[in-house]
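A.B. asks: Its first residue numbered 546, the sequence shown is counted upward by one per residue in my numbering.
Before I ask anything, here is the structure I am working with.
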Amino acid sequence: EVNAIVLSHGHYDHTGGLPALLGIAPKATIYLHSAAIEPKFSRKTSGVKSIGMPEPVKAAIHNCKVTWTEKPTQIFQGVTVTGQIPRVNKFEDVGGAFFLDKSCQRNDILLDDQTLVIESPKGLVVIFGCAHAGVINTLHRVADLRKIKQFYAVIGGMHLLNASKERIEQTITVFREYKIQKIGVAHCTGAYAVRRFSDAFQDRCFSCSAGTQISFEKSHKYASIKNHSECL
546 EVNAIVLSHG HYDHTGGLPA LLGIAPKATI YLHSAAIEPK FSRKTSGVKS IGMPEPVKAA
606 IHNCKVTWTE KPTQIFQGVT VTGQIPRVNK FEDVGGAFFL DKSCQRNDIL LDDQTLVIES
666 PKGLVVIFGC AHAGVINTLH RVADLRKIKQ FYAVIGGMHL LNASKERIEQ TITVFREYKI
726 QKIGVAHCTG AYAVRRFSDA FQDRCFSCSA GTQISFEKSH KYASIKNHSE CL
């Protein structure tokens, strides 16, 4: 029954399952930034690796209904995707050595990185894919667009795996400024950042490991998050 699929960015680990998904939901519209289909490479000490979309994924996209999301785009009522995020903070980077060419001459600043925003009665819920644009850059962008000063929840991968301690502390400071009530940390957030978030926010912070189910239930104009059977 799925009729909308949002791709956070063009890396293989965030797009590789698309052909199988479209086999189940062939009428779904794909929402993605045009830069997501560009070649992408990562350089590490072990060498250079292609990390862009596999060719079957690109072929699947070309055969589907696509909505390009350079700008903020509504998916459904109450659900939008940010589109391209302005990079304004000097302390945030893309989180790795990413390039647009195999010779590693052209830096990839991942203009395709985008984030999902869901309205709830308790406030906005922000769902990151990897937050290559920067967690704070993204929150500032959403706050500017919506003219708000706080969020209810932030959930997902925040790509702080290789971040400095200073960047993580600045992120914590901004979370406090935005009065974020629920912080769900996933994959690329990094073990140290997860520990610091847990120390700083205690029961407001929870883990989103594989298999975690999160639901938002409206009841008398309020929303709650459920992590498995536990109401947070």
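Cβ atoms here follow ideal geometry from the backbone N, Cα and C, with glycine treated the same way.
Give a yes or no on whether the C-beta atoms belonging to K694 and F644 are separated by under 9 Å.
C.D. replies: In the sequence shown, counting from the first residue as 1, residue 694 sits at position 149. In the sequence shown, counting from the first residue as 1, residue 644 sits at position 99. No, Cβ-Cβ distance for K694 and F644 is not below 9 Å.
A.B. asks: Does the distance from the CB of I700 to the CB of I759 come in under 9 Å?
C.D. replies: For this step, residue 700 is matched to residue 155 along the sequence shown. For this step, residue 759 is matched to residue 214 along the sequence shown. Result yes, Cβ atoms of I700 and I759 sit closer than 9 Å.
A.B. asks: Ignore the nearest five residues each way along the sequence and tell me which others in D657's own chain have a CB closer than 6 Å to its CB.
C.D. replies: Translated into positions along the sequence shown, residue 657 becomes position 112. Result list for D657: H554, G555, H578, A580, A581, in chain order.
A.B. asks: Have a look at T590 and G640 and give me their C-alpha separation to the nearest angstrom.
C.D. replies: Numbered from 1 along the sequence shown, position 45 holds the residue referred to as residue 590. Numbered from 1 along the sequence shown, position 95 holds the residue referred to as residue 640. Going by the C-alpha atoms only, they are around 16 Å apart.
A.B. asks: Can you tell which of T612, H607, F636 has its C-alpha closest to the C-alpha of Q548?
C.D. replies: In the sequence shown, counting from the first residue as 1, residue 548 sits at position 3. The sequence given here has Asn at residue 548, not Gln. Answer by Cα proximity: T612.
A.B. asks: Quick test of your reading: E637 and G702, contact by CB under 8 Å. State the CB separation rounded to the nearest angstrom.
C.D. replies: By one-based count along the sequence shown, residue 637 stands at place 92. By one-based count along the sequence shown, residue 702 stands at place 157. Rounded, the Cβ-Cβ distance is 15 Å, inconsistent with contact.
A.B. asks: Rounded to whole angstroms, what's the CA-CA distance from I654 to I681? Just pull it up for me.
C.D. replies: The residue given as residue 654 occupies position 109 in the sequence shown. The residue given as residue 681 occupies position 136 in the sequence shown. C-alpha separation (whole angstroms): 16 Å.
A.B. asks: Flag this pair as yes or no: are the beta carbons of I620 and L563 separated by less than 9 Å?
C.D. replies: Translated into positions along the sequence shown, residue 620 becomes position 75. Translated into positions along the sequence shown, residue 563 becomes position 18. Cβ atoms of I620 and L563: not closer than 9 Å.
A.B. asks: Decide if L552 is buried, meaning its Cβ has at least 16 other Cβ atoms within 10 Å, or exposed.
C.D. replies: The residue you call residue 552 lines up with position 7 of the sequence shown. Label assigned to L552: buried.
A.B. asks: Can you grab the Cα-Cα spacing for the pair G628 / R691, in whole Å?
C.D. replies: In the sequence shown, the residue the question calls residue 628 occupies position 83. In the sequence shown, the residue the question calls residue 691 occupies position 146. Looking at the two C-alpha atoms, the distance is approximately 14 Å.
A.B. asks: Based on the DSSP secondary-structure assignment, which residues constitute the bridge partners of S665?
C.D. replies: Within the sequence shown, numbered from 1, the residue matching residue 665 stands at position 120. Bridge partners of S665: G668.
A.B. asks: Spatial neighbours of R781 within its chain, please: C-beta separation below 8 Å, excluding the five flanking residues on both sides.
C.D. replies: Residue 781 is absent from the model: the chain starts at 546 and stops at 777.
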